[in-house]
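Everything on this sheet refers to the single structure shown next.
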Amino acid sequence: MKIQVKNLTRQFGAKTAVDNISFEFSSGHIFGFIGPNGAGKTTTIKIMATLDNPTKGDVLFDGVSTVLYPEKIRRIIGYMPDELPSFADTQVWEYLDFYARAFGLKGDHRRRTLQDIQEFTGLGPIRDKFLNTLSKGMKQRVSLARALVHNPQVLVLDEPAAGLDPHARLELRELLKILAGQGKAILLSSHILSELQDVCDGAVIIEKGKILASGVIGELLVDAKHHQAPKPQEEMQQQEDEPILMATPIITLKIKTLDKQDQLVRKLLENPLVKHVEANAYSEVKLEFAGLDDQIPMLIKQLLDDGFPIVAFEKLDLGLQDIFLKITKGEIQ
Amino acid sequence: MKVTSDMLNPVLIKDYRQHFHSKLLVIVMAILLTGQLLAILVTQLIIDNARGQDLDGYMGLILFHIILLVFFIAAWVLCALQPMHRFIKERSNPELDFTRMCTMTPAQIILGKLSSSLLIALYLVSLCLPFMVIAYFLKGISILDIATVFASVLAFGILMIQIAILIGSTGKKQIEFLFILASFYLTKKVISIDRAIFLKLIGEIGFLDVIRAAATYLLGMVFLFVLNIAIMGTKYTNNILPTRCFLIVYAALAILDKILSLVFKKDFLIPNSALSIESILCFIAAIIATIAAWERHDSGPRIINEAPKKLIPRSLFFLISSGSANGIALAWIIAITPIISFFYKITGGHVDLDPLVSKSMIQNINVAIFAIAYAQIAIALSKFFPNTPPAISWLFTIALLMVAPSLVAGILNAIDNSKLSQFILILTPFHESSDTTFALVLTAIGAIPCAFIVAQKARDFLKQ
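Protein chains in written order, with this note's numbering: chain A, 1090 to 1422; chain B, 8 to 471.
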């Protein structure tokens, strides 16, 4: 299945929450949807889940419009919001049973499905517990189980890892990988970027309702290494036919010194190839170096010759978090 | 049993399970049983202290009323108040959204909520039955009386539960007080309808009066049901369609009733002295216009896509579909004939009318025309201030044109400046002349900007 977000715009009065965004993803892949708070992620997801309507544009599921045929889309989409299950006086199995019935699952088929889902999400041992007694991690599992109850082909998850402990995050990641392996298309919104990097095949970065970058993770990493300034989608479209001028790659380095951290920062900033320097509380200095790989030993040698007690240095690979920080301004709408 | 549960409404099963997990059910049941036991004890004490007085015909009735009161409070808490609280939570959290994302229709969701509350009510009735038997044996009340009262309490319960769903579906805790107010109002109303039923039972009024009372119940229930469907539907669905259809059917039935009463020269469901056909139609138009003022302007792409392709069916579909422009257009169509007919009757003097009937007719039509005028102004306002929700525009219009002048006029009246107060009330239905001129002028003014909105939306709808 191919999911296409086409020229999606959502306005709330004078405010534009989502501004003409387009991207697509397909079955068997996990696609990250990244942006700071207020970027328009939840609005986009709600439109995809048929809970809101766009001012312009559409979301197509294998060509079927969410605007015109929401009933058809509801059968194929599973939505997990950032809010947790909240039915009062309800046990876990009753909660899932209700949604299974509401989706029209009957008799043995419903019972088998619920059993499988409880097993898959690890809810079996707590099926008789009341929702209000569960931990946040367990509630997230219940929420995921609810989204899976009608075996949807597409899963849209809004901040599923928020508030989870590292162990629960790891488990969620594994569950998502299994689901993608089953051929489901998964859109995963999150601001815990280290989580997305390991699990996503591609990502869209959004800020103030506009897409800043999109593509497979590898491409995004290359783009970010060349430190391209963020461009709105329309500008990127205009420049498609123009020759691309590659900027000098930016290399991120981490240097650990025994002493003289402040002097080291000043010294580094004197170097024209050093673009940005950041010191931390562990006697480390992180810098962005606009030179080539073979210029790094020369830089280090120079620092040692200048008497800086350097005990370690490391060339850092860019992560999704770095890409995100590089291309967004972190502005909240 | 497992197969049977598949045939039941999922919301009914869910709500019923929630009821039986709730501590409140146990507490209310305990209070209900204790209250009834106390009632029996008090009755027994009265009988013991009667010292030979003849209490036949009293004690059963007194006990019955106490039991009924305790039952009524228990049912109100468990069947309406608690479900409303739960529903407000479900609405403010996304649970209702999830339910709407399933394959259930809004009508199924409402029926599920309604039936689960009624099931609890029946459960409470079963707890009262042994005590009712005691009341019966103490004399003063017949089995028919008991059955009639419970039937009317059940009907009342359905109304209350629907109001609870209506308020609950807004998801706003702040308006819970409206439920309390509605409870008091409806209790008063139901007592009067029950009285009619009782009077029939003892032969003081005719069968038609009982049917009229029952029809009032029925229309109220159906109207609340379609309103609930409207409020429960997701955005850009044709959620107002059932409400519009109901009101059109109601208008058609009212016309039919009047035709029958003209042919057979006797009143049927609508007594001639109470409401004229003109005022009924104007009221229906006013309700449609007021609901329209709470809607968004356009129907949305989905409804336009669903509409029939041929011009005439498409135009009719436009009138009954969601959208404030559509609603106000329908209100105009319904209101125009009765307003002309009314003027023909009143100003032309072609029909001899009882002065009392005439005055009541003018008052009713005046209120309805003012309601249409306010709705039009609210729709126009929300067009010019698109960031303001339509409901706020309507509330603002009402506050500015009706509530504020009425308050000022009330104060002026108190300090004996009745002339000025009447002038201030000129744009409200409370003006003492009850003349429709001001209402019609205000409606005409409001119709101008609305006509542009309707024309634009109708063109968009019909050109597809």
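Ideal Cβ placement from N, Cα and C applies to all residues, glycine included.
Neighbouring residues, chain A, relative to residue i (Cβ below 8 Å)
{"i": "B/Met-111", "result": "Ala-1191"}
{"i": "B/Thr-241", "result": "Thr-1139, Leu-1140 and Pro-1159"}
{"i": "B/Asn-312", "result": "Leu-1157"}
Secondary structure of residue i, DSSP reduced to three states
{"i": "A/Gly-1121", "result": "strand"}
{"i": "A/Gln-1326", "result": "Reliability fails at A/Gln-1326, whose pLDDT of 48 lies under 50, so the model's placement of it is uncertain and the value that follows must be treated cautiously. The answer is helix: DSSP assigns A/Gln-1326 an H, G or I state."}
{"i": "A/His-1365", "result": "strand"}
{"i": "B/Lys-146", "result": "coil"}
{"i": "A/Gln-1271", "result": "coil"}
{"i": "A/Asn-1221", "result": "helix"}
{"i": "B/Ile-319", "result": "helix"}
{"i": "B/Tyr-130", "result": "helix"}
{"i": "A/Ile-1295", "result": "strand"}
{"i": "B/Arg-107", "result": "helix"}
{"i": "B/Tyr-192", "result": "helix"}
{"i": "A/Met-1335", "result": "Here the model assigns A/Met-1335 a pLDDT of 40, short of 50, so the residue's position is not dependable and the matter cannot be decided."}
{"i": "A/Leu-1253", "result": "coil"}
{"i": "B/Asp-13", "result": "helix"}
{"i": "A/Gln-1242", "result": "coil"}
{"i": "B/Ala-338", "result": "helix"}
{"i": "A/Glu-1373", "result": "strand"}
{"i": "A/Ser-1278", "result": "strand"}
{"i": "B/Ser-331", "result": "helix"}
Run of the beta strand (DSSP E) containing residue i, from where it starts to where it stops
{"i": "B/Lys-273", "result": "Neither: B/Lys-273 is in no beta strand (DSSP E) and is coded neither H nor E."}
{"i": "A/Lys-1161", "result": "Run containing A/Lys-1161: none in the beta strand (DSSP E); it sits in the alpha helix (DSSP H), 1159-1165."}
{"i": "A/Asn-1096", "result": "1091-1101"}
Option nearest residue i by Cα separation, candidates the options
{"i": "A/Ala-1236", "options": "A/Arg-1201, A/Leu-1220, A/Tyr-1188 and A/Ile-1267", "result": "A/Tyr-1188"}
{"i": "A/Ile-1123", "options": "A/Gln-1207, A/Leu-1223 and A/Leu-1309", "result": "A/Leu-1309"}
{"i": "A/Glu-1373", "options": "A/Phe-1397, A/Asp-1383, A/Gly-1380 and A/Pro-1361", "result": "A/Phe-1397"}
{"i": "B/Asn-312", "options": "A/Lys-1104, A/Thr-1155 and A/Leu-1097", "result": "A/Thr-1155"}
{"i": "B/Lys-390", "options": "B/Leu-263, B/Asp-264, B/Lys-242 and B/Arg-303", "result": "B/Arg-303"}
{"i": "B/Tyr-351", "options": "B/Lys-120, B/Leu-48 and B/Ile-369", "result": "B/Ile-369"}
{"i": "A/Gly-1429", "options": "A/Val-1288, A/Leu-1253, A/Thr-1105 and A/Gln-1207", "result": "Residue 1429 of chain A lies beyond the range of chain A shown here (1090 to 1422); nothing can be said about it."}
{"i": "B/Gln-181", "options": "B/Tyr-243, B/Leu-226 and B/Ser-99", "result": "B/Ser-99"}
{"i": "A/Gly-1226", "options": "A/Leu-1244, A/Leu-1185, A/Glu-1172 and A/His-1198", "result": "A/Glu-1172"}
{"i": "A/Ile-1294", "options": "A/Pro-1174, A/Gly-1129 and A/Leu-1259", "result": "A/Gly-1129"}
{"i": "A/Val-1148", "options": "A/Asn-1126, A/Ser-1303, A/Leu-1285 and A/Ser-1111", "result": "A/Ser-1111"}
{"i": "A/Val-1363", "options": "A/Val-1354, A/Ala-1370, A/Asn-1369 and A/Tyr-1371", "result": "A/Val-1354"}
{"i": "B/Leu-414", "options": "B/Lys-426, B/Leu-131 and B/Ile-431", "result": "B/Ile-431"}
{"i": "B/Pro-397", "options": "B/Ala-406, B/Ala-385 and B/Ile-405", "result": "B/Ala-385"}
Contacts of residue i in chain A (Cβ-Cβ under 7 Å)
{"i": "B/Asn-56", "result": "Correct list: empty, because the minimum Cβ distance to chain A is about 45 Å."}
{"i": "B/Pro-101", "result": "Pro-1170 and Glu-1172"}
{"i": "B/Pro-17", "result": "Phe-1187, Arg-1190 and Ala-1191"}
{"i": "B/Thr-479", "result": "No statement about residue 479 of chain B is possible, as the shown extent of chain B runs from 8 to 471 and does not include it."}
{"i": "B/Arg-309", "result": "Val-1156 and Leu-1157"}
Chain B residues whose Cβ lies nearer than 8 Å to that of residue i
{"i": "A/Leu-1234", "result": "The displayed chain sequence assigns Ala, not Leu, to residue 1234 of chain A. Chain B residues near A/Ala-1234: none, gap ~12 Å exceeds 8 Å."}
{"i": "A/Lys-1195", "result": "Asp-13"}
{"i": "A/Arg-1099", "result": "Neighbours of A/Arg-1099 on chain B: none; closest Cβ ~11 Å, over 8 Å."}
Under 7 Å from the C-beta of residue i: neighbouring residues of chain B
{"i": "A/Ala-1177", "result": "Gln-25, Arg-93 and Lys-96"}
Opening and closing residue of the alpha helix (DSSP H) in which residue i lies
{"i": "B/Arg-98", "result": "89-99"}
{"i": "A/Asp-1151", "result": "No alpha helix (DSSP H) contains A/Asp-1151, which DSSP labels as neither H nor E."}
{"i": "A/Val-1354", "result": "1350-1359"}
{"i": "A/Thr-1341", "result": "No alpha helix (DSSP H) holds A/Thr-1341; the beta strand (DSSP E) holding it covers 1340-1346."}
{"i": "B/Arg-24", "result": "17-28"}
{"i": "B/Val-448", "result": "443-470"}
{"i": "A/Asn-1109", "result": "Run containing A/Asn-1109: none in the alpha helix (DSSP H); it sits in the beta strand (DSSP E), 1104-1115."}
{"i": "A/Asp-1424", "result": "Since the first residue shown for chain A is 1090 and the last is 1422, residue 1424 of chain A is missing from the structure and cannot be characterised."}
{"i": "B/Ile-80", "result": "66-82"}
{"i": "B/Ile-247", "result": "Unbroken run through B/Ile-247: none, as it is neither H nor E."}
{"i": "B/Phe-290", "result": "284-300"}
9 Å Cβ cut-off: residues of chain B touching residue i
{"i": "A/Glu-1183", "result": "Ile-20, Lys-21, Arg-24, Gln-25 and His-28"}
{"i": "A/Arg-1163", "result": "Arg-107, Met-108, Cys-109 and Thr-110"}
Proximal residues of chain A, C-beta to C-beta of residue i below 9 Å
{"i": "B/Pro-494", "result": "Past the boundaries of the shown model lies residue 494 of chain B; chain B is included only from 8 to 471, so the question cannot be answered."}
{"i": "B/Thr-106", "result": "Phe-1187, Tyr-1188 and Ala-1191"}
Any non-hydrogen atom of the ligand SAM within 7 Å of residue i CB
{"i": "B/Leu-125", "result": "Among the components modelled here there is no ligand, and therefore nothing to report on the ligand SAM."}
Within-8 Å CB hit, residue i to chain D
{"i": "A/Pro-1170", "result": "You won't find chain D in this structure, because its protein chains are A and B."}
Checklist entry - Residue ranges of each alpha helix (DSSP H) run of no fewer than 4 residues wholly in the region 1182-1237 of chain A, ordered along the chain? => result 1196-1210 and 1225-1237
Checklist entry - Which residue spans inside the region 357-437 of chain B form an unbroken beta strand (DSSP E) run of at least 3? => result For the region 357-437 of chain B, not one full-length beta strand (DSSP E) segment reaches 3 residues or more.
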